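The structure appears right after this line, and notes come after that.
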Amino acid sequence: MARGRVDGEQKKRLVTWIVVLTIVCGCLYIYSRKGGTSALEYGSKSLRKLGSSYLSGEDGGDEASNKFGEDLQDGVMLKSIPVCDDGQSELIPCLDRNLIYQTRLKLDLSLMEHYERHCPAPERHFNCLIPPPPGYKVPIKWPKSRDVVWKENIPHTHLASEKSDQNWMVVKGDKIEFPGGGTHFHYGADKYIAAIANMLNFPKNILNNGGRLRTVLDVGCGVASFGGYMLSSDMIAMSLAPNDVHQNKIQFALERGIPAHLGVLGTKRLPYPSRSFELAHCSRCRIDWLQRNGILLLELDRLLRPGGYFAYSSPEAYAQDEEDLRIWKEMSALVE
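Here the working numbering is used: position 132 in the sequence shown is 224, and no number is missing along the way.
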């Protein structure tokens with residue numbers, strides 16, 4: 093009789109546990125249906141279709157997006173953001189040259205206005221997430237990323253062949269390596285930086301941890317090797333380049349982990365406060381600093397702190413050109 097009662101109690105406990113587990117599983121299922129649907133549908137074809145509707149500028153996009161992941165928590169509406177069409181994997185908002193052509197903006201090319209930011213009208217905003225390129229991998233971590241990145245993450249190997257004589261980058265297997273060269277420093281940015289320090293008579297400790305240089309602006313940065321080597325000396329370099337035919341230079345810089353910004357010295361001020369930098373750098377510089385009574389040099393002066401440095405370098409061949417000599421003399425006079 094005692095054994096029968098024990099068996100009965102075990103059966104009751106088993107049934108109780110089954111009921112409890114069923115309830116728990118049911119609650120988890122209901123929760124996932126309410127809160128997890130948006131995550132599951134996030135990368136689905138339906139969202140990509142929704143992203144396409146945003147690209148075409150169709151009305152009613154907000155209503156459609158509300159259908160995905162709509163929820164209320166403490167009175168806040170939560171929405172999942174659709175993924176853009178795969179063809180938009182390299183879209184740069186407000187720097188889309190196709191948009192400029194479509195809207196027929198009347199821009200002064202001589203003042204570089206076509207390289208400045210031009211945002212679309214609200215009805216043409218891209219309210220979707222830019223998708224990564226096919227085969228994108230988790231980026232290599234800094235500091236190793238300064239010298240090597242995954243080729244799949246930056247599908248622009250043509251730049252390596254175009255700039256093969258300048259030692260910008262080398263494609264090796266599934267990676268792209270950066271020897272540290274550039275347009276004007278074939279033997280590596282570190283040696284180039286040491287040469288600049290010597291030419292400008294920098295104090296001996298200015299380029300190490302005990303120095304006073306902390307912020308650097310690199311204008312026309314290429315793939316930002318100069319900025320990468322500055323970072324290794326505990327200096328923050330903002331690398332700047334326009335959205336030109338080589339807009340992917342900035343993509344390389346960001347993938348390497350180097351601060352970079354798409355921008356140009358044109359008709360607008362650069363988006364930095366006055367006296368932000370202690371050193372401004374321009375290598376193999378062909379910028380017309382003297383246009384409009386030297387307005388670009390004045391902008392550079394605004395950004396430099398008192399006693400700051402402007403490192404302007406060019407190949408020796410420029411010194412033999414009469415026009416380049418004239419520009420150099422006028423720049424020197426204006427700076428003085």
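Even glycine gets a Cβ: it sits at the ideal position worked out from N, Cα and C. As the structure is a computational prediction, the values presented were derived from the model and not from experiment.
Report all residues from its chain with a CB closer than 6 Å to the CB of residue i; omit the five preceding and five following residues, and keep chain order.
| i | result |
| --- | --- |
| HIS248 | ASN340 |
| ALA352 | ALA316, SER331, ILE342, ALA345, LEU346 |
| ILE246 | GLN343, PHE344, GLU347 |
| LEU183 | ILE222 |
| SER181 | PRO223, PRO225 |
| SER157 | Reliability fails at SER157, whose pLDDT of 43 lies under 50, so the model's placement of it is uncertain and the value that follows must be treated cautiously. Contacts found: LYS171. |
| LEU199 | GLU205, HIS206 |
| GLN412 | none |
| VAL107 | none |
For a test of the three-state rule: what should DSSP assign to residue i, helix, strand or coil?
| i | result |
| --- | --- |
| LYS267 | strand |
| MET35 | Nothing about residue 35 can be reported from this structure: the residues present for the chain run from 93 to 428 only. |
| TRP109 | helix |
| SER202 | helix |
| THR249 | coil |
| ASP188 | coil |
| MET322 | helix |
| GLU101 | helix |
| LEU221 | strand |
| SER331 | strand |
| ASP413 | coil |
| ASP239 | coil |
| MET261 | coil |
| ASP178 | helix |
| ASP282 | helix |
| VAL116 | helix |
| LEU132 | Low per-residue confidence applies at LEU132: pLDDT is 33, beneath 50, and the placement is therefore not dependable, though the value from the model is reported in the following sentence. LEU132: helix per DSSP, three-state reduction. |
How close, in whole Å, do the beta carbons of residue i and residue j come, if the pair is a contact with beta carbons under 8 Å?
| i | j | result |
| --- | --- | --- |
| LYS243 | ILE268 | 5 Å |
| PHE402 | ALA372 | 5 Å |
| GLY349 | TRP234 | 4 Å |
| TYR321 | ALA287 | Not quite, the Cβ-Cβ distance comes to about 12 Å (not below 8 Å), so this is no contact. |
| VAL241 | PRO231 | 7 Å |
Determine whether the beta carbon atoms of residue i and residue j lie at a separation below 7 Å.
| i | j | result |
| --- | --- | --- |
| CYS186 | ARG209 | yes |
| TYR207 | PRO363 | no |
| GLY400 | LEU203 | no |
| ARG367 | ARG397 | yes |
| TRP381 | LEU390 | no |
| LEU191 | PRO212 | yes |
| LEU309 | GLU370 | no |
| CYS220 | GLY312 | no |
| ARG376 | SER406 | yes |
| THR307 | ILE328 | yes |
Grab me the residues of residue i's own chain with a C-beta within less than 8 Å of its C-beta, minus the 5 sequence neighbours each way, in chain order.
| i | result |
| --- | --- |
| MET261 | LEU251, ALA252, LYS255, ILE268, GLU269, PHE270, PRO271, VAL315, PHE344 |
| ILE173 | SER157, ASN219, CYS220, LEU221 |
Starting from the C-beta of residue i, find all residues in its chain whose C-beta is less than 7 Å away, skip the five residues before and the five after it, and write them out in chain order.
| i | result |
| --- | --- |
| TYR410 | ASP416 |
| TYR228 | GLU244, ASN245 |
| GLN336 | According to the sequence displayed, residue 336 carries Asp and not Gln. These residues qualify, in order along the chain: TYR207. |
Query raised in the report: Which full runs of the beta strand (DSSP E) of 3+ residues lie inside the stretch 342–404, going along the chain?
Result: 352–354, 369–375
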